[in-house]
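Asker: From first to last, the protein sequence lines stand for chains A and B.
Each residue of the first sequence is one higher than the last, beginning at 245 in our numbering.
Each residue of the second sequence is one higher than the last, beginning at 24 in our numbering.
C-beta: ideal position from N, C-alpha, C; glycine also.
Structure below; questions to follow.
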Amino acid sequence: MMAEWLYLPVFVLLLCAMACSLVRSGLGPTVFDRIVAINAFGTKTVLLIAVYVQASGHPEYVDIALLYALINYVGSLALVRYFGARRVRGHD
Amino acid sequence: MITTINALVDMGLLVVLSVSALMLVRCNSPLNTIILNALYSFTICSLFVIMDAVDVAFTEAAVGAGISTVLFLCVIHPDDESGRLFVWPGPLATVVALATGLLLVFGTFDMPLYGDPQVPVHTHLVTRFLEDSGTEIGIPNVVTSVLASYRGYDTLGEVVVVFTAGTSVLILLAAGHARQDSGDGLISNSILRVVMPRIIPLVILFALYVQFHGDYGPGGGFQAGVILGAGLITLALLTDSRIMQGVISERWIIRGMAGGVLVYGLVGVASMLGGGKYLDYSVLAQSSTDGQHLGILLIEIGVGITVAFTMLSLFVSFNRSGQTGD
Numbered sequence: 245m246m247a248e249w250l251y252l253p254v255f256v257l258l259l260c261a262m263a264c265s266l267v268r269s270g271l272g273p274t275v276f277d278r279i280v281a282i283n284a285f286g287t288k289t290v291l292l293i294a295v296y297v298q299a300s301g302h303p304e305y306v307d308i309a310l311l312y313a314l315i316n317y318v319g320s321l322a323l324v325r326y327f328g329a330r331r332v333r334g335h336d
Numbered sequence: 024m025i026t027t028i029n030a031l032v033d034m035g036l037l038v039v040l041s042v043s044a045l046m047l048v049r050c051n052s053p054l055n056t057i058i059l060n061a062l063y064s065f066t067i068c069s070l071f072v073i074m075d076a077v078d079v080a081f082t083e084a085a086v087g088a089g090i091s092t093v094l095f096l097c098v099i100h101p102d103d104e105s106g107r108l109f110v111w112p113g114p115l116a117t118v119v120a121l122a123t124g125l126l127l128v129f130g131t132f133d134m135p136l137y138g139d140p141q142v143p144v145h146t147h148l149v150t151r152f153l154e155d156s157g158t159e160i161g162i163p164n165v166v167t168s169v170l171a172s173y174r175g176y177d178t179l180g181e182v183v184v185v186f187t188a189g190t191s192v193l194i195l196l197a198a199g200h201a202r203q204d205s206g207d208g209l210i211s212n213s214i215l216r217v218v219m220p221r222i223i224p225l226v227i228l229f230a231l232y233v234q235f236h237g238d239y240g241p242g243g244g245f246q247a248g249v250i251l252g253a254g255l256i257t258l259a260l261l262t263d264s265r266i267m268q269g270v271i272s273e274r275w276i277i278r279g280m281a282g283g284v285l286v287y288g289l290v291g292v293a294s295m296l297g298g299g300k301y302l303d304y305s306v307l308a309q310s311s312t313d314g315q316h317l318g319i320l321l322i323e324i325g326v327g328i329t330v331a332f333t334m335l336s337l338f339v340s341f342n343r344s345g346q347t348g349d
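Okay, structure coming up:
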């Protein structure tokens, strides 16, 4: 069993990383910054949930992190397609 | 130590949640709103996990990551992008909004504290469900017992609501023309062509795991349906509508939507024929718990089918109508 105090810095660092992504997704300046920020935020959510379920003693709930890891790409794909359509129309 | 960490993560996430909600209000373009909405969904899902509401977190994860972003992106148009800038509301509107907000905050003082064991909802039915569902239904996940057996009528109602919503979208958007695809779609990108055919089967496998593992862990028909829908929507995003028609035609999507509700309803009829009440699964097999297992398995399959095909139908309808403007 991992020493419990080690969880504290892990959570602090993860929350800091989430805060950074949040700031970037709010400020932009370009829409691509926001897309990368939301992707990073999604990855941090996967990690946060994975570490939290381990820390709280219910490692079987890691399914939720797995689900995010598996289908997080769908939104990014839709965004890519949206910009593809925009370029075809000559907006970019 | 764990309680300290719990409180810290809780507070950190609540701050992120509030900040992202404020940013959403100030947001001035549809695309940024969609991105911030996804961020909000990630945060609230983590909070659900911390509150031990893993089934709710599972639903939020499946819907937030798999469906809502895609559907929102289908309905916005690139021309909307330079939307109106955020304007502060007038003084009267500000006063009314602030007063309403303060009244709502005042109202929360009468609500029980989070996790208070003396709340009526925790002292009456919940204790009975927690203590007796093990012997009456015989499956470990109490949420599934309550959802599928004790509250089977409510869940039937929910499935009918999902079906009705899907049908309404079909009726409203039936006039849309089939979209003109560029022909090659995203699949012409070599990274996507290599990676995606390997990921989609895994997504479908995970959906089946969630579907049939719902008795033991978080998940069930609703979540599995959304995940399966997300897998099929990925295929639709990658290719064009012609290939999608070859994989699964719109006629079969509509049949699937209705078929799931039919499976659910027929399980109820079967239990009546077996001598029990409507949706009383105990009579479906030799022993009462075996009957409950079988009934829950069958109705969860019905739920999964309806949800998956409704998600697919929503995507197809929205995608089609999003292209009629030009």
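1. Please identify the residue among B/Cys68, B/Ser336, B/Leu70 and B/Glu159 whose C-alpha is closest to the C-alpha of B/Ser264.
2. Classify A/Leu259 as buried or exposed, calling it buried when 16 or more other Cβ atoms lie within 10 Å of its own Cβ.
3. Please return the same chain residues whose Cβ sits closer than 7 Å to the Cβ of B/Gly206, not counting the five positions on each side in sequence.
4. Would you report the Cα separation of B/Ala281 and B/Leu321, rounded to the nearest angstrom?
5. Count the other C-beta atoms from every protein chain shown that fall within 10 angstroms of the C-beta of B/His147, then say buried if there are 16 or more, exposed otherwise.
6. Quick one: is A/Asp336 buried, meaning 16 or more other Cβ sit within 10 Å of its Cβ, or exposed?
7. Kindly say whether B/Ile256, judged by its beta-carbon, lies nearer than 8 Å to any beta-carbon of chain A.
8. Which of the three DSSP states, helix, strand or coil, is assigned to B/Leu261?
9. State the DSSP-derived secondary structure class of B/Trp111, mapped to helix, strand or coil.
10. Applying a beta-carbon distance threshold of less than 8 Å, which residues of chain B neighbour A/Thr289?
11. Mapping the DSSP letters down to three states, classify B/Ala247 as helix, strand or coil.
12. If we define contact as Cβ-Cβ less than 8 Å, is A/Val324 a contact residue for chain B?
13. Taking the straight line between their C-alpha atoms, what separation do you get for B/Val118 and B/Ile162?
14. Might you give, ordered along the chain, the residues of its own chain that have their beta carbon closer than 8 Å to the beta carbon of B/Leu196, omitting 5 neighbours on each side?
15. Under three-state DSSP, which class holds B/Pro241?
16. Could you check whether the segment 276-284 of chain A touches the segment 295-311 of chain A, counting it as contact only if at least three pairs of C-beta atoms, one from each stretch, sit closer than 8 Å?
17. Please report whether the beta-carbon of B/Pro241 lies at a distance below 8 Å from any beta-carbon of chain A.
18. Which same chain residues, not among the five before or five after A/Tyr251, have their C-beta less than 8 Å away from its C-beta?
19. Within the same chain, show all residues whose beta-carbon is closer than 6 Å to that of B/Val144, passing over the 5 residues directly before and after it, in chain order.
20. Can you give me the C-alpha to C-alpha distance between B/Ala331 and B/Val185, rounded to a whole angstrom?
21. Helix, strand or coil for B/Val39? Go by DSSP, reduced to three states.
22. Look up B/His145 in the DSSP assignment and say whether it is helix, strand or coil.
23. Quick one: using the 10 Å Cβ neighbour count with 16 as the cut-off for buried, is B/Tyr287 buried or exposed?
24. Might you give, ordered along the chain, the residues of its own chain that have their beta carbon closer than 6 Å to the beta carbon of B/Gly87, omitting 5 neighbours on each side?
25. Buried or exposed for B/Asn51, please, with buried defined as at least 16 other CB atoms from any protein chain shown within 10 angstroms of its CB.
26. Using a Cβ cut-off of 7 Å, pull out every chain A residue sitting near B/Ser43, in sequence order please.
27. Compare the C-beta of A/Asp307 with all C-beta atoms of chain B and state if any pair is closer than 8 Å.
28. What residues from chain A crowd round B/Met46, counting only those whose CB sits closer than 9 Å?
29. When the Cα atoms are used, what is the spatial distance from B/Pro114 to B/Leu125?
30. Identify the contact partners of A/Ala284 in chain B, using a Cβ-Cβ distance below 8 Å as the criterion.
31. Answer with yes or no whether the minimum CB distance from B/Gly138 to chain A is below 8 Å.
32. Count the other C-beta atoms from every protein chain shown that fall within 10 angstroms of the C-beta of B/Pro241, then say buried if there are 16 or more, exposed otherwise.
33. For B/Thr27, is the classification buried or exposed, using 16 other Cβ atoms within 10 angstroms of its Cβ as the cut-off for buried?
34. Between which two residues does the alpha helix (DSSP H) containing A/Phe276 stretch?
35. Using a Cβ-Cβ cutoff of less than 7 Å, which residues in the same chain neighbour B/Asp349 once the five nearest sequence positions on both sides are dropped?
36. At what residues does the alpha helix (DSSP H) containing B/Asp139 begin and finish?
Answerer: Concretely, from the data shown:
1. Per the Cα distances, B/Ser336.
2. Buried, by the Cβ-count rule.
3. In this prediction, B/Gly206 has a pLDDT of 48, which is less than 50 and means its spatial position is unreliable; what the coordinates show is noted afterwards. Excluding sequence neighbours, B/Gly206 sits near Asp263.
4. Cα to Cα, the separation comes out at about 15 Å.
5. A residue is called buried when at least 16 other Cβ atoms come within 10 angstroms of its Cβ; B/His147 does not meet this threshold and is exposed.
6. Bear in mind that a pLDDT of 43 at A/Asp336, under 50, signals an unreliable position, so the number given afterwards is only what the model happens to contain. Flag for A/Asp336 reads exposed.
7. Chain A, which has a Cβ nearer than 8 Å to the Cβ of B/Ile256, makes this yes.
8. In this structure, DSSP gives B/Leu261 a helical state, which the three-state scheme calls helix.
9. When DSSP states are grouped into helix, strand and coil, B/Trp111 belongs to the coil group.
10. Result: Phe65, Thr66, Cys68 and Ser69.
11. Per DSSP, reduced to three states, the secondary structure at B/Ala247 is helical.
12. It does: the Cβ of A/Val324 has a partner Cβ on chain B nearer than 8 Å.
13. Using only the alpha carbons, I get a separation of about 52 Å.
14. Excluding sequence neighbours, B/Leu196 sits near Ser340, Phe341, Arg343 and Ser344.
15. B/Pro241 falls in the coil class under three-state DSSP.
16. Here the segment 276-284 of chain A does not lie against the segment 295-311 of chain A, with fewer than 3 beta-carbon pairs under 8 Å apart.
17. Judged by the 8 Å Cβ criterion, B/Pro241 is in contact with chain A.
18. Closer than 8 Å at Cβ, skipping near neighbours: Val295 and Ala299.
19. If you ignore the 5 residues before and after B/Val144, its C-beta comes within less than 6 Å of no other C-beta in its own chain.
20. Roughly 10 Å separates the two Cα atoms.
21. When DSSP states are grouped into helix, strand and coil, B/Val39 belongs to the helix group.
22. Helix.
23. B/Tyr287 comes out buried.
24. Residues of the same chain with a CB within less than 6 Å of the CB of B/Gly87, apart from the 5 flanking positions on each side, are Ser64 in chain order.
25. With fewer than 16 Cβ atoms within 10 Å of its Cβ, B/Asn51 is classed as exposed.
26. What B/Ser43 touches in chain A: Leu266.
27. Yes, its Cβ sits closer than 8 Å to a Cβ of chain B.
28. Residues of chain A whose Cβ lies closer than 9 Å to the Cβ of B/Met46 are, in chain order, Leu266, Ser269 and Gly270.
29. C-alpha of B/Pro114 to C-alpha of B/Leu125: approximately 16 Å in a straight line.
30. Ordered by position in chain B, no residue passes the 8 Å Cβ test against A/Ala284, which lies about 10 Å from the chain.
31. So no, B/Gly138 is outside the interface.
32. Buried, because 16 or more other Cβ atoms sit within 10 Å of the Cβ of B/Pro241.
33. By the 10 Å Cβ count, B/Thr27 comes out exposed.
34. Per DSSP, A/Phe276 belongs to the alpha helix (DSSP H) from Val275 to Ala299.
35. Residue placement at B/Asp349 is poorly supported in this model, since its pLDDT is 40, which falls under 50; the coordinates still yield a value, given next. Here the set comprises nothing.
36. Membership of B/Asp139 in any alpha helix (DSSP H) is not indicated, and neither H nor E is assigned to it by DSSP.
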